[in-house]
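Everything on this sheet refers to the single structure shown next.
There are 2 protein chains.
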Amino acid sequence: MSISHIEHIGIAVKSIDEAIKYYEQVLGLKCYNIEEVKDQKVKTAFFKVGQTKIELLESTDPEGPIGKFLEKKGEGIHHIAFAVKGIEDQLKQSESKGVQLIDKAPRKGAEGLDIAFLHPKSTFGVLTEFCEDKKLK
Amino acid sequence: MSISHIEHIGIAVKSIDEAIKYYEQVLGLKCYNIEEVKDQKVKTAFFKVGQTKIELLESTDPEGPIGKFLEKKGEGIHHIAFAVKGIEDQLKQSESKGVQLIDKAPRKGAEGLDIAFLHPKSTFGVLTEFCEDKKLK
Chain D
6 MSISHIEHIG IAVKSIDEAI KYYEQVLGLK CYNIEEVKDQ KVKTAFFKVG QTKIELLEST
66 DPEGPIGKFL EKKGEGIHHI AFAVKGIEDQ LKQSESKGVQ LIDKAPRKGA EGLDIAFLHP
126 KSTFGVLTEF CEDKKLK
Chain Y
6 MSISHIEHIG IAVKSIDEAI KYYEQVLGLK CYNIEEVKDQ KVKTAFFKVG QTKIELLEST
66 DPEGPIGKFL EKKGEGIHHI AFAVKGIEDQ LKQSESKGVQ LIDKAPRKGA EGLDIAFLHP
126 KSTFGVLTEF CEDKKLK
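Residue numbers (my numbering), protein chains in the order written: chain D, 6 to 142; chain Y, 6 to 142.
Right, dumping it as structure tokens:
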């Protein structure tokens, strides 16, 4: 496995407008991008914190994954995303070691990254994302 | 506010011995430190991932904070810790902006850091830690 760093931490919020105020005015971070990911039924807001990003996730559909998460668990940390090289191989390797995959093949996520999720049942309760920026060589 | 990076992500697990196997054998990270924090009733295991650390937290007492978290929510991400400069001032500034503090003054955490927690009620559901390594100048 070749994880270089934590690419981002995904946090589910009811309203990104409200949460952005806290991240900017209290924590002093700067929102540099707001983007809708229709496939995931979310609106996202990004902040850089050193090498890592915080990705706020607001649901655009109560039946989407973040809508369901918010209903069940309320606002809070949703997932951790690790930056990997060779995401297809990393998924295969993880599956061969007994990890249950949510995505058997990568798909497009926010910011043009290739992303795939591992099931929290086999990752000690942590919804875990692999992501790769194939624009970087 | 002067946040430089995410110092660590705290993850509650039932058994650090079991979870270490996943982080090492599947994710390829290396546990470099295991430490008991008696004050917090936890045993911790640390992994470096780029600039950030993953801190696994196993409860040593069902009445401690991680014991209660595990009983209520199960295994999963417990908190995010931001590295700050001047932790006392950052706490005061946050409180003046309406954030409810769990720790009004810093105390000693794992790895000799000064730490303090903000209440998730005022941080959009994310248990948030500030920490400062006063050995670094």
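Think of the CB as a built atom: it goes at the ideal place given N, C-alpha and C, for glycine as much as any other residue.
Closer than 8 Å at the beta carbon, the chain Y residues around residue i
i, result
"T57/D", "H10, I11, G55, Q56 and T57"
"K102/D", "Q30 and V31"
"L62/D", "Within chain Y, no residue comes near L62/D; the closest Cβ sits about 11 Å away, beyond 8 Å."
"L118/D", "Neighbours of L118/D on chain Y: none; closest Cβ ~16 Å, over 8 Å."
Residue i: contacting residues in chain D (beta-carbon distance under 7 Å)
i, result
"A24/Y", "F129"
"T18/Y", "Here residue 18/Y is Val; the residue named in the question, Thr, does not match the sequence. Here the neighbours are F129."
"L106/Y", "In chain order: nothing, as chain D lies at least about 12 Å away."
Other residues of its chain near residue i: CB distance less than 6 Å, five sequence neighbours each side excluded
i, result
"I71/Y", "A17, V47, L62 and S64"
"I39/Y", "A50"
Proximal residues to residue i (C-beta, below 7 Å), its chain only, five neighbours per side dropped
i, result
"Q45/D", "G69 and P70"
Under the three-state DSSP convention, the category residue i falls into
i, result
"E137/D", "strand"
"L32/Y", "coil"
"E76/Y", "helix"
"K53/D", "strand"
"K43/D", "helix"
"E23/Y", "helix"
Listed by chain order, chain Y residues near residue i by CB distance under 7 Å
i, result
"S99/D", "V31"
Nearest-angstrom Cα separation, counted from residue j out to residue i
i, j, result
"Q4/Y", "D119/D", "The structure shown does not extend to residue 4/Y, since chain Y is modelled only from 6 through 142, so no value can be given for it."
"Y28/Y", "Q56/D", "20 Å"
"F87/Y", "S9/Y", "8 Å"
"I59/Y", "K43/D", "31 Å"
Residue i: contacting residues in chain Y (beta-carbon distance under 9 Å)
i, result
"H39/D", "Reading the sequence as shown, one finds Ile at residue 39/D and not His. Neighbours of I39/D on chain Y: none; closest Cβ ~16 Å, over 9 Å."
"I82/D", "I14, G81, I82, H83, H84, I85, G130, V131 and L132"
Spatial neighbours of residue i in its chain, beta-carbon cut-off 8 Å, leaving aside the 5 residues before and after
i, result
"K126/D", "Q105"
"V131/D", "H84, I85 and P125"
Chain-ordered neighbours of residue i on chain D, where CB pairs are closer than 9 Å
i, result
"L96/Y", "Correct list: empty, because the minimum Cβ distance to chain D is about 11 Å."
Where residue i meets chain C, residues with beta-carbon distance less than 8 Å
i, result
"L141/Y", "The structure shown contains no chain C; its protein chains are D and Y."
Restricting to runs no shorter than 3 residues, where is the beta strand (DSSP E) found entirely within the region 88-132 of chain Y?
Runs of the beta strand (DSSP E) lying entirely within the region 88-132 of chain Y, each at least 3 residues long, are 119-123 in chain order.
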